Every structure is written in C-alpha cells, then in structure tokens.
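Input: a single structure, listed below in structure tokens.
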Ligand code: N01
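Residue numbers (our numbering): 8 to 547.
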C-alpha cells in the first residue's frame, strides 16, 4: 500500500491545508482531475475537519443529511445512506472516511501535522510552507481548507487554569468520550453546540448548570429516521437536487416567502409559522419571511411567535423569561436546532444562570465566581464557548505574501478579500469558503463544492495559458469589501452581537464577515467573472 510517507516529496504543485470536507474534495480535484501533485497537511490524526474535533455529546449537522455531502459524483451520492434526518458526528466522520477511501486520498495526506507558515517567494513565484514537524514544502499554489469554525475560543477568564476538575471544550472533545454520570457539570455557553449537548449531558449528570450570556432563538430539529419512500425519491433525484441547491439562496431546498411577515394577516402568518415549527429545521429561518431580515417591525412579528413557543415549553416563568432572547433580531444570529433543549430546564437538577447581567468574574478551583460574588461549584467544566470564526483559523498561521506582509496584519481591521476566495498581495493563495464568501450562511458542502470547482477552473486556465500567478487587484478587492458591508448594513444582521460580526472575541474588529449574496447569485457572479476573463484578477 502506498503511504503518505512514500509520497512525501518537498516540491509539489499544491499544498492544501486541512482534510475536512474542503480539503478532501480539493485534493481529489487537483490530483485526480487536473493531474497535479498535491499534498494535504492536517492537524488531526484522521480526516473529517470539524467533524474530527467536534465529538461532544449530541454533535450532529443541522443540515438535512441528504444534502450534507458531496454532489459532484453521482456514484458517490448513491454509495452512501444516512440513517437519520440530521447525521450525527460519527456518521459524518464515517462518510468522509468513506470518501477518502473511495478516492484513495489518505496517501497524500500528512496527518498530525499543523501548518505553521506559508511564505510567498516573489522571485520563484512559489510558496514555501513549513509545518510543526519541521517539514518544508514548496508549491505553486496554497489552498486553505481550514474551515470557518475550527479555531476554538476559550475566553480569557481569570483563573481558567486553576479549576481542579477536568475542562472540556466542545470543539476539542476527547475521542473516548466523557461519562458525566454522577457529576456536577458546569457549562458555559448557550450556542448551537451547547443546545445539542445540554439534553444529553443532563441525562448523565447529577447536576447541570448552564451559564448563559445570550439567549438564542432555537427551533425544533424534529430529528428521526427519514421515510424510506422519501429517501428512495431523493436517491433517484441526484441531478435535480444538485441543481436546486446550487441555485438556491442558502444551499438548502428552502425558499423565502414571496410575501413579507408584515404583509400577511396574523392568521396566515401564525399558520405558516406553526407549520414550519412542526416540520423542524431551518424553515422559519431560511424559508420564512424575507422582510424579517430588514425591518424590526417584521422581525418582531416572528419573534412574538417564537417567544410564545419558548414560554410554552418551559415550566418555570423566571427560567422561561431568561430563555427568551432579547435585544437582537431573530435570524441574525445563527439559529440553533433543538432536540429537547428547553424541556431540559424543567428537570430539577438542571439550572440556568444568567451571566449577562452578572458576568463570570473568575474560574475557581471548585467552579466559578460571578461578579456579584456568587459561587457555583461543579466537578467538570464544559466550555461551549465557540470559535474565533472565519478569520481565526487563517490568522493562526503565519501567512506572508508579497513584501513579506503578514495576512493577519493586513486583516487587522477585518478580512479583505475578493469573492472571499483570494486576497490582494497573496498570489495563488486560495481560501475555500473564506471570509466574505457565503460560506457559513449556507449549507457548507454546497459552498465548498462551488469554491473547489472554481479554484480548479482558475488553476486549469492559468496552466493552459502558461501563466504563473493570479491575484485580485487592489481595486477589485476594495470594491468587494465595500459591497459586502453595504449589503450587510442594508439588513439587520450587523445589529446583533454575533460571531458573524466578530463580537464573541474580545478585541476582534466588528465587521460583518460572511457575504450576503446568497449561494445561487454568488455562483452566477463568480461564473460571470470567469466569463469576463477573470475580471478583477491580475493574471501573469
Ligand atoms: O459557539 P457559539 P457554538 N462569557 O459562538 C458564550 C456551528 N455549529 O460552538 O452568544 C460567557 O454559537 C456565547 O455567548 P454570546 C454553528 O454555525 C454547527 O455553539 O457570545 N459566555 C455563546 O452562548 C454555530 O453558530 C453545528 O453572548 C460566553 C457560546 O459561548 C457555530 O458552530 C453545531 C463567553 C458560544 O456559542 C458556533 O457554535 C454546533 C464569555 N466570556 C455548532 N464567551 C451543527 O450544524 C462566549 N460565550 C451541528
């Protein structure tokens, strides 16, 4: 069997950073379709990316399983069957291992190895990549497939290292799992990870205390097995599904309503929201009313429905009041999906503590202390505190472009890219689903495939015309950055303190990081740019 050691040459055409959804398909594209010599470096000891690390209890995709995979290959599509509506983390890992095996990918992946730096050599017009294992590799192209939510965030709590019990971050969960039976557990955070983990940890722990800074609008997942007849239909409809999700707004088969929330009667709105609530998933968020993203009036109409639902589920009125989100619009913070989250707070051993009005002052050897001096004791601490999103994974690598300029310094006030794909001054460096592309506002595999295909197209074109480098012009990049902010600020998104805005990380610049063009229109824009001879790019 050929191993990665046999093929570990130090001069290649392309280096790919990361072996998750993006890196695996990028390797297949460059090696098997374009015939390039490519190497992948992956920090984990297996494929999976986010799904390699996120093994916390209840971790699963919030995208429906039938569209949470690759669509580039019909045979691959037909070769895999998901067990539930939303696939659980081990099953997604299994899927990605299946893909890696099917296309013989692991022989070109060096596992357990972190890329530390990537430096562009202007004379050679090549990149030099170094790793924490001391390897140095040169390449024409570097493709970042590091993901948007892979740099975990541990808030700089005073005394974080003094806690005597074990501490677990949801994004770095022990592979062997954790048994909380009989333990008092403290969990900080109430985002999508916490929402998934809470009911399961509560099922084991003798006591669970959730420390919540911001309440979330959470709708039911309605998970379960999928009707075999529906599954069979979908299996046959590979081409149709592929086309529809590629042209959609968010990479789902969900479409915003033609009429706004403020344009329909109360009864009509109530009936639609009730139907969507019962169906579960992202219907209310991504298939709901478009005007709720633009006006507080419309947003409040939807919020009122959601507030009522939360109050109906939670017995204790004070706890319910804390769980009802306040101060920001629905839909502008990632909408977590729930499998019994609210009901968990009806159990006598589960407590909710508001750390917005009374923030965490420090972690102590036995638990934590709030600013008013209240102490909470627990045996194990779970940090469901999220990620330094979008820019974090890239900024943790020393990426130096023309003139030795560090990318993280260029991005000190926020990411600057063209199409979320490349940054001026960093020739031949591509970012799969990078900041300022639709990425996290879409079903990720759809956006990943589009970027990988597009990068493949660019590289094919460069090589066919004997060009060495491509990079965006400064003008095109400035235009893209301005445009991104302009369309974001036409919506309510920037009014919410979210990781989309960098608001979860102390000191991070406040700027809306994803692109709001939507998946289909963004794809069309990219295609038009290609048809116009890579408009906005300088090719040499
Ligand atoms: O992280 P988060 P996550 N003191 O940032 C709180 C994707 N995902 O891992 O909201 C106290 O959402 C923070 O409070 P606040 C998905 O895109 C996908 O849950 O910033 N609390 C928040 O409650 C998701 O959006 C899936 O005020 C502090 C929590 O920690 C993204 O990953 C599943 C704090 C962090 O929530 C991130 O989700 C899971 C502090 N100093 C995740 N600092 C699936 O599709 C932070 N918090 C399966």
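Just so it is clear, CB atoms sit at the ideal spot from N, CA and C, and this is done for glycine as well. Treat the numbers as computed from the prediction; the structure is a model and nothing was measured.
Classify residue 381 as helix, strand or coil using the three-state DSSP reduction.
Look at residue 381 here: in three-state DSSP terms it is coil, with no helix or strand label.
Quick check on the burial criterion: 16 or more other C-beta atoms within 10 angstroms. Buried or exposed for residue 495?
If you draw a 10 Å sphere on the C-beta of residue 495, you find 16 or more other C-beta atoms in it, and that means buried.
Taking the Cβ atom as the reference point for each residue, do residue 159 and residue 189 lie within a distance shorter than 8 Å?
Contact: no.
So the candidates are 164, 152, 119, 136; which of them puts its Cα closest to the Cα of residue 29?
Cα-wise, what sits closest to residue 29 is 152.
What are the residues that DSSP puts in a beta bridge with residue 429?
DSSP lists 425 as the beta-bridge partner residues of residue 429.
Using 8 Å as the threshold, is the region 336-345 in touch with the region 498-514, meaning 3 or more CB pairs across them?
Note that the region 336-345 touches the region 498-514; at least 3 beta-carbon pairs, one per stretch, sit closer than 8 Å.
Roughly how many angstroms separate the alpha carbons of residue 294 and residue 455, rounded to a whole number?
C-alpha separation (whole angstroms): 22 Å.
Going by Cα to Cα distance, which pick from 500, 469, 512, 481 is closest to residue 540?
Of 500, 469, 512, 481, the residue nearest in Cα terms is 469.
Grouping DSSP H, G and I as helix and E and B as strand, with all else coil, what is residue 476?
In the structure shown, residue 476 sits in coil (DSSP, three-state: anything other than H, G, I, E or B).
Taking the DSSP output, what are the residues bridged to residue 124?
Paired residue(s): 137, 405.
Can the beta-carbon of residue 46 be found less than 8 Å from the beta-carbon of residue 113?
For residue 46 and residue 113, no; Cβs fall outside 8 Å.
Over the uninterrupted beta strand (DSSP E) stretch that includes residue 283, give me the two end residues.
Secondary structure note for residue 283: it is in no beta strand (DSSP E), and the uninterrupted alpha helix (DSSP H) holding it is 273-286.
Range of the contiguous beta strand (DSSP E) that encloses residue 175
Its beta strand (DSSP E) spans residues 174-176.
Can we count residue 103 as close to the ligand N01, meaning its CB is less than 7 Å from some heavy atom?
Relative to the ligand N01, even the nearest heavy atom lies 7 Å or more away from the CB of residue 103.
Restricting to Cα atoms, I'd like to know which of 425, 420, 546 is closest to residue 472.
Ranking 425, 420, 546 by Cα distance to residue 472 puts 546 first.
My output table needs one value for residue 224: the three-state DSSP class, helix, strand or coil.
If DSSP states are grouped into helix, strand and coil, residue 224 belongs with coil.
Inter-stretch contact (C-beta, 8 Å, three-pair minimum) for the region 234-252 and the region 398-417:
No, they do not touch.
In or out: residue 182 buried (at least 16 other Cβ within 10 Å) or exposed?
Exposed.
For the region 203-271, list the alpha helix (DSSP H) runs that are entirely contained and at least 4 residues long, ordered along the chain.
For the alpha helix (DSSP H) assignment, the uninterrupted runs of no fewer than 4 residues enclosed by the region 203-271 are, from N- to C-terminal side, 235-243, 245-254.
Given a cut-off of 8 Å, decide if residue 388 and residue 170 are closer than it, judged by their beta-carbon atoms.
Yes, these two residues count as a Cβ contact at 8 Å.
Identified DSSP bridge partners for residue 150:
Bridge partners of residue 150: 23, 437.
Please name the residue, chosen from 125, 138, 143, 165, that lies closest to residue 372 on a Cα-to-Cα basis.
Minimum Cα distance to residue 372 is reached at 165.
Let me check you understand the geometry: is the CB of residue 140 closer than 7 Å to at least one non-hydrogen atom of the ligand GTP?
This structure lacks the ligand GTP; its bound ligands are the ligand N01.
What are the residues that DSSP puts in a beta bridge with residue 195?
Per DSSP, 218, 390.
So for residue 14, helix, strand or coil by DSSP?
Here residue 14 sits in coil by DSSP.
Below 8 Å between beta carbons: does that hold for residue 351 and residue 205?
Their beta carbons are under 8 Å apart, which means residue 351 touches residue 205 by this criterion.
How long is the line joining the alpha carbons of residue 519 and residue 264, rounded to whole angstroms?
In this model, residue 519 and residue 264 are separated by some 25 Å (Cα to Cα).
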